[in-house]
Amino acid sequence: MTRSGPLPGAVASAAVLLGGCATGDRSADVTELDNTWRANLVPKSSPALMVGTFERFCVETSGLAARETALRRAGYVPLADRGTPGTRAFVVDDTRPAVAVSENMCLVQARARTGQTERFERYVTVRFPDAVETDPAPLGRSISQAWSVPGPAIIATERVQDVDWNNFALIYYRPEGAS
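Its first residue numbered 78, the sequence shown is counted upward by one per residue in this note's numbering.
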């Protein structure tokens with residue numbers, strides 16, 4: 078028996094390719110996010126990588142526009158706006174932590190791993206020698222540690238349970254009007 082015309086597999090492949098062309102938003106961001114491995118949205122990052130990301134995007138860079146530009150240049154892609162107004166989350170498809178930014182807040186989040194707490198406590202002690210440990214309770218039930226630092230600013234750690242994992246976040250918050 079001979080068959081004329083395209084093979085069934087080729088027809089299916091063409092339908093998939095053309096279907097992708099027919100959808101609405103096919104921007105680079107959407108396409109890249111579509112191909113991002115779900116586990117990399119909040120990945121398992123090493124303690125050193127978490128602290129380095131926190132230093133680079135949260136402490137050394139201030140303001141929403143500057144943080145967004147720095148994250149884009151580092152290969153991060155923004156997620157669709159769904160959360161707190163004025164806050165934007167960025168992810169990258171590797172082991173670098175997720176980052177959420179606003180005008181006066183920056184948060185770095187990854188899956189909880191061994192050594193993160195110790196590494197961050199050491200970082201705060203060295204980077205902010207004038208930091209004063211404060212009661213985390215008024216900041217929210219998931220906040221596990223907090224420090225007040227000159228500037229003024231608050232640095233905190235947060236532990237939250239996701240559907241599948243426990244996540245660890247490093248937070249830098251500078252109140253509006255602080256220099």
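C-beta: ideal position from N, C-alpha, C; glycine also. Note that the coordinates shown come from a computational prediction; the quantities given were computed from them, not determined experimentally.
Please work out which residues of its chain come closer than 8 Å, Cβ to Cβ, to residue i, disregarding the five sequence neighbours upstream and downstream, and give them in chain order.
i           : result
residue 99  : For residue 99, the predicted model reports a pLDDT of 39, less than 50, meaning its position is unreliable and no value from the coordinates is stated.
residue 219 : 235, 236, 237
Quick one: what's residue i bridged to in DSSP?
i           : result
residue 224 : 210, 232
residue 245 : 187, 236
residue 250 : 182, 231
residue 167 : 155, 176
Starting from residue i, trace the beta strand (DSSP E) both ways and give me its first and last residue.
i           : result
residue 150 : Premise fails: residue 150 lies in the alpha helix (DSSP H), 141-150, not in any beta strand (DSSP E).
Could you tell me the distance, in whole angstroms, from the CA atom of residue i to the CA atom of residue j?
i           : j           : result
residue 133 : residue 210 : 22 Å
residue 127 : residue 212 : 23 Å
residue 152 : residue 165 : 15 Å
residue 253 : residue 162 : 15 Å
residue 225 : residue 142 : 25 Å
residue 147 : residue 167 : 11 Å
residue 231 : residue 250 : 5 Å
residue 204 : residue 157 : 33 Å
residue 121 : residue 208 : 28 Å
residue 195 : residue 136 : 19 Å
residue 192 : residue 206 : 21 Å
Residue i lies in the alpha helix (DSSP H); which residues open and close that run?
i           : result
residue 203 : 193-204
residue 128 : 124-130
Excluding the 5 residues flanking residue i on each side, which residues of the same chain have their C-beta closer than 6 Å to its C-beta?
i           : result
residue 150 : none
residue 184 : 177, 246, 248
residue 243 : 189
Relative to the C-alpha of residue i, which candidate in the options has its C-alpha closest?
i           : options            : result
residue 222 : 198, 146, 207      : 198
residue 238 : 226, 187, 203      : 187
residue 67  : 135, 137, 124, 201 : Past the boundaries of the shown model lies residue 67; the chain is included only from 78 to 256, so the question cannot be answered.
residue 236 : 227, 216, 228, 229 : 216
residue 129 : 174, 140, 206      : 174
residue 227 : 241, 131, 201      : 201
residue 169 : 180, 155, 181      : 155
Could you pull out every residue in the same chain whose Cβ sits closer than 7 Å to the Cβ of residue i, ignoring the five residues on either side in sequence?
i           : result
residue 144 : 134, 138, 178, 183
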